[in-house]
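Q:
Pasting the structure below:
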């Protein structure tokens, strides 16, 4: 046998080849077998390595020069690998025959490619799956040949999956194991005894026909369900698994397997046309869509393998800009190249999901026969043009959807109202007729139907159906612009439209009372809102303007004014929706980035909101939005901040709190604290009441004041230079750390550094200097998982580290450098440093907001920069959004005044930008003042 490796065989590998094929590689067998005798194994191995490197390099160069598409490269690489494997097979037979002599009595075998390699496609670092097939069990000579061949492949650095079976074993094993059956569906002859393979192929086809499609289909569906549960139920995860995730290559391969099992077809275009198997299961456009998706995903996969140098299938944040750039995606308008690339990927995944819903039920019915369509159980459903099959609702066979597009919405509503599943054939019909939704945009009855689905039972489920089949994008053109749109950060887990549908689901869960423990106030308030329809439409539209440049809240508010009247909302509801979209970030930004103990903060929100109903709507919408971002965003601390902010603003709006004069509130706080100090002497109580400045008394509740009094009394009695107390607050998912010691510049920074070394993340802080010159600083911290920092040994170490840091025995910079940093895959996300200095948010303090990449010790560096400018920190509010840190500080100068001098503000801004960039900024003036 002669193996010519330069020209790939046809037709399997001849598609998408470059204009000029590579040079014909030398005849390997001539080099491996000289004068009928095999060369030495080391010589053969060297020759094979050179040839393998040559073909792998040639495919990579052609692919990266865009001479080959991903699918073309996969086919070419498989075809060229065929030549290597065939040459090794010939060399193996020569070598083993030479060693063993006469082998006439030995049963021969065929070398078969299975799995992906059997389909004639191969990724650069994928396994090569081989089957050694014989009619009888192999003898000593055959087993030795198998071992010899495999060791050669392994020594070449190839990953090989292999099995040795007889023809009967293949049929039997395939019957009992769907994984084996799937691998054998793609079996392809490589070398050896071809008649053996042909007999196997005949027997295997007969066995498949005998068993029928039903068990194989059920097994593949179960396998797919388990796979999606592991790699992601949504095709819109921002770090998708290109091979195994929903809408990935494996889903497309499943369609191929089902078509191959049912009709023996090799390519999807074989299912097009009335004369095709199944009578035309695909249109030409659908077959082309499958080909485009197959090719695009293979191209992404090839780039992933080449960039990482391994069989990497997950498109992580660090790889997305690299792969996008290699595929030619550049910035266009307001969209970065990586965002355009990822949108194309998500739209491809969506197409795969749709194609699965299109083809799978058609394959099932063509192979197993049409379903038993029964008249609907009630006259109304029958008159509406619907029927039942397999207990699921579908369109009546004679129904013309193009003539009555609204029936698509009526069918979805019927499924909801009667608690029925939508039949796969109905999904198929919805996908094929979604384009007619354009006719319903200005149709009042259709818009009323849509609004009923949005605000009815289980709305997220049915919005997801309408989105996946393509109806929503045709019905609402603005929705089409956010489909597949991702934000290149580590905060958002889903694409914009998937996040929106998740938020609608959270809203419904709040109404059902399922989130009473994690969001008790929102769960109570949602039953009190009077503008329920406006609330659901607001959540639907809150991110509708993302990806357009500018403020998406402002743009979205304008879009809401156009969409809401079409949906049938009243002018009052329309105005409410527009206002909610405009202000949907107000509550969260204030709660996490401002001092809610500052009366001006509360009064500013009350002035913006003006209405208790709007406040209720805004809080519920905020909870739905946050919980839909991702599983790690919501925690007890954030819930507490939102809850406290809500009640304080609600009290102002209800007229129960007019924010009395500061002296009056301070007097009330001191009196409430004194009432709890009955166990102390009057002298001790008077001493404590004299220690706090007004800001201290307004920052804590009476119970906390009482704990501070006891802590200070014990510290003074023991003459302790440093006292550290910790208290785990489970309800808020935080640990409170209180430090009482002599005050000095940079104290906050050194404590923050010690907490970073301890592995604690600060989420909030209150800094107070007492009248006796001592500092009473309180920090609320969490662990890396967003929970309370509560392990006893870690709390003990935390106190020790604070003491060491304040005494100068802890080398903070060196210890912080040892703390584990973010995974490498997240470093591709760019977070430009930004500093905002605000003298309007507070009547008494300058508010500093810094944005930058989070890292261990960031707070230590930033607060050191603030102290270095001679400023005193009164409070700090720390929030992280993925790898973005947003830290807010309320500060005064040494005279207790705001910082208003422009020169001092410029110096402060510069110092903070340097701190945000450290340690990566080289100090060469590259830091820009924003």
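In our numbering, the protein residues as written are 8 to 937. Idealized CB from N, CA, C, for every residue including glycine.
May I have the straight-line CA-CA distance separating residue 469 from residue 461, to the nearest angstrom?
A: The residue given as residue 469 occupies position 462 in the chain shown. The residue given as residue 461 occupies position 454 in the chain shown. If you take the alpha carbons of residue 469 and residue 461, they lie about 8 Å apart.
Q: What first and last residue would you give for the alpha helix (DSSP H) that runs through residue 214?
A: Working through the chain shown from its first residue, we reach residue 214 at position 207. Note, residue 214: alpha helix (DSSP H), 201-218.
Q: For residue 471, which residues of its own chain have a beta-carbon under 6 Å away from its beta-carbon, when the five flanking residues on both sides are left out?
A: Numbered from its first residue, the chain shown carries residue 471 at position 464. Result list for residue 471: 508, in chain order.
Q: Thinking residue 882 and residue 734 are a contact (beta carbons under 8 Å), I'd like their distance in whole angstroms, please.
A: By one-based count along the chain shown, residue 882 stands at place 875. By one-based count along the chain shown, residue 734 stands at place 727. Rounded, the Cβ-Cβ distance is 19 Å, inconsistent with contact.
Q: With three or more beta-carbon pairs closer than 8 Å as the criterion, would you say the segment 605-617 touches the segment 735-746?
A: Judged by Cβ distances under 8 Å, the segment 605-617 makes no contact with the segment 735-746, as fewer than three pairs qualify.
Q: Our contact map puts residue 304 next to residue 326 with C-beta atoms below 8 Å; I'd like the distance itself, whole angstroms only.
A: The residue labelled residue 304 in the question sits at position 297 within the chain shown. The residue labelled residue 326 in the question sits at position 319 within the chain shown. With 8 Å as the limit, residue 304 and residue 326 do not qualify as a contact, their Cβ atoms being about 15 Å apart.
Q: Using the Cβ count rule (16 or more neighbours within 10 Å means buried), how would you classify residue 812?
A: Taking the chain shown and counting its residues from 1, the one referred to as residue 812 is at position 805. Buried, by the Cβ-count rule.
Q: Would you call residue 451 buried or exposed, if buried means 16 or more other Cβ atoms sit within 10 Å of its Cβ?
A: Locating residue 451 in the chain shown gives position 444, where the first residue counts as 1. Exposed, because fewer than 16 other Cβ atoms sit within 10 Å of the Cβ of residue 451.
Q: Indicate the three-state DSSP secondary structure (helix, strand or coil) for residue 230 in the structure shown.
A: Mapped onto the chain shown, residue 230 falls at position 223. Looking at residue 230 - three-state DSSP - the assignment turns out to be helix.
Q: The alpha helix (DSSP H) with residue 85 in it runs from where to where?
A: Taking the first residue of the chain shown as 1, we reach residue 85 at position 78. Taken as a continuous stretch (DSSP letters only), the alpha helix (DSSP H) holding residue 85 covers 77-107.
Q: Here's the rule: buried if 16 or more other CB atoms are within 10 angstroms of the residue's CB, otherwise exposed. What is residue 258?
A: As a first step, residue 258 must be located in the chain shown, where it is residue number 251. It is buried - the Cβ of residue 258 has at least 16 other Cβ atoms within 10 Å.
Q: Just list the residues that DSSP pairs residue 644 with in beta bridges.
A: Taking the chain shown and counting its residues from 1, one reaches residue 644 at position 637. Looking at the DSSP assignment, residue 644 forms no beta bridge with any residue, so it has no partner.
Q: Where does residue 238 fall in DSSP's three states?
A: For the purposes of this step, residue 238 is identified with residue 231 of the chain shown, where counting begins at 1. Here residue 238 sits in helix by DSSP.
Q: Along the chain, where does the beta strand (DSSP E) containing residue 786 start, and where does it finish?
A: In the chain shown, the residue the question calls residue 786 occupies position 779. It spans 781-789 - the beta strand (DSSP E) in which residue 786 sits, taken as one unbroken run.
Q: Give the secondary structure of residue 512 by DSSP, where H, G and I count as helix, E and B as strand, and everything else as coil.
A: Locating residue 512 in the chain shown gives position 505, where the first residue counts as 1. Helix, per DSSP.
Q: Here's the rule: buried if 16 or more other CB atoms are within 10 angstroms of the residue's CB, otherwise exposed. What is residue 707?
A: Within the chain shown, the letter at position 700 stands for residue 707. Buried, since its Cβ has 16 or more Cβ neighbours within 10 Å.
Q: Let me check one thing: in DSSP terms, what residues is residue 734 bridge-paired to?
A: Your numbering for residue 734 matches position 727 in the chain shown. DSSP, once it has assigned bridges, lists 743 as partnering residue 734.
Q: Looking only at its chain, what residues have a beta carbon closer than 8 Å to the beta carbon of residue 364, apart from the 5 residues adjacent to it on each side?
A: Counted from its first residue, the chain shown places residue 364 at position 357. Only 431, 434, 435, 438, 475 and 476 meet the Cβ criterion.
Q: Considering residue 168, what are the terminal residues of the beta strand (DSSP E) in which it resides?
A: Locating residue 168 in the chain shown gives position 161, counting from the first residue. Unbroken beta strand (DSSP E) run through residue 168: 167-173.
Q: Under the DSSP definition of a beta bridge, which residues are partnered with residue 845?
A: Residue numbering aside, residue 845 sits at position 838 when the chain shown is read from its first letter. Answer by DSSP bridge pairing, in chain order: 854.
Q: From what residue to what residue does the beta strand (DSSP E) around residue 893 run?
A: Translated into positions along the chain shown, residue 893 becomes position 886. Where residue 893 is concerned, the enclosing beta strand (DSSP E) stretches over 891-899.
Q: Just list the alpha helix (DSSP H) runs in the segment 294-344, keeping only unbroken ones of 4 residues or longer that don't cross its boundaries, in chain order.
A: 327-333, all fully within the segment 294-344.
Q: According to the Cβ coordinates, are residue 768 and residue 791 closer than 9 Å?
A: The residue labelled residue 768 in the question sits at position 761 within the chain shown. The residue labelled residue 791 in the question sits at position 784 within the chain shown. Contact: yes.
Q: Can you name the start and end residues of the beta strand (DSSP E) that residue 119 belongs to?
A: Position 112 of the chain shown, counted from the first residue, corresponds to residue 119. Element bounds for residue 119: 116-120.
Q: Please list, in chain order, all residues of the same chain as residue 657 whose beta carbon is under 8 Å from its beta carbon, the five residues on each side excluded.
A: Indexing the chain shown from 1 puts residue 657 at position 650. 619 and 622, listed in sequence order.
Q: Based on Cα-Cα distance, which residue from 377, 566 and 103 lies nearest to residue 155?
A: Counting from 1 along the chain shown, the entry for residue 155 is found at position 148. Residue 103 is the option with its Cα nearest to residue 155.
Q: In whole angstroms, what is the alpha-carbon distance linking residue 93 and residue 255?
A: Along the chain shown, one-based indexing puts residue 93 at 86. Along the chain shown, one-based indexing puts residue 255 at 248. So the alpha carbons of these two residues sit roughly 31 Å apart.
Q: Rounded to whole angstroms, what's the CA-CA distance from residue 337 to residue 345? Just pull it up for me.
A: For the purposes of this step, residue 337 is taken as the residue at position 330 of the chain shown. For the purposes of this step, residue 345 is taken as the residue at position 338 of the chain shown. If you take the alpha carbons of residue 337 and residue 345, they lie about 7 Å apart.
Q: Measure how close the beta-carbons of residue 307 and residue 249 come, nearest whole angstrom, since I'm counting them as under 8 Å.
A: Reading the chain shown from its first residue, position 300 is the one you call residue 307. Reading the chain shown from its first residue, position 242 is the one you call residue 249. Correct: roughly 5 Å between the Cβ atoms.
Q: In three-state DSSP terms, what is residue 596?
A: Numbered from its first residue, the chain shown carries residue 596 at position 589. Helix.
Q: Give the C-beta separation of residue 804 and residue 765 to the nearest angstrom, bearing in mind that I take them to be a contact with Cβ-Cβ under 8 Å.
A: Residue 804 sits at position 797 when you count from the first residue of the chain shown. Residue 765 sits at position 758 when you count from the first residue of the chain shown. Right, the Cβ-Cβ distance comes to about 6 Å (below 8 Å), so this counts as a contact.
Q: Does residue 375 pass the burial test, meaning 16 or more other C-beta atoms within 10 Å, or should it be called exposed?
A: By 1-based counting over the chain shown, the position of residue 375 is 368. Looking at its Cβ environment, which holds fewer than 16 other Cβ atoms inside 10 Å, residue 375 is exposed.
Q: Quick check on residue 552: does DSSP put it in helix, strand or coil?
A: Start at 1 with the first residue of the chain shown, and residue 552 comes out as number 545. In the structure shown, residue 552 sits in coil (DSSP, three-state: anything other than H, G, I, E or B).
Q: Give me the Cα-Cα distance between residue 515 and residue 465, rounded to the nearest whole angstrom.
A: Stepping through the chain shown from its first residue, residue 515 is reached at position 508. Stepping through the chain shown from its first residue, residue 465 is reached at position 458. When rounded, the distance between both Cα atoms is 7 Å.
Q: Is residue 129 helix, strand or coil by DSSP?
A: As a working mapping, residue 129 is identified with position 122 in the chain shown. It is coil, neither helix nor strand.
Q: May I have the straight-line CA-CA distance separating residue 841 from residue 629, to the nearest angstrom?
A: Counted from its first residue, the chain shown places residue 841 at position 834. Counted from its first residue, the chain shown places residue 629 at position 622. Distance between the alpha carbons of residue 841 and residue 629: 25 Å.
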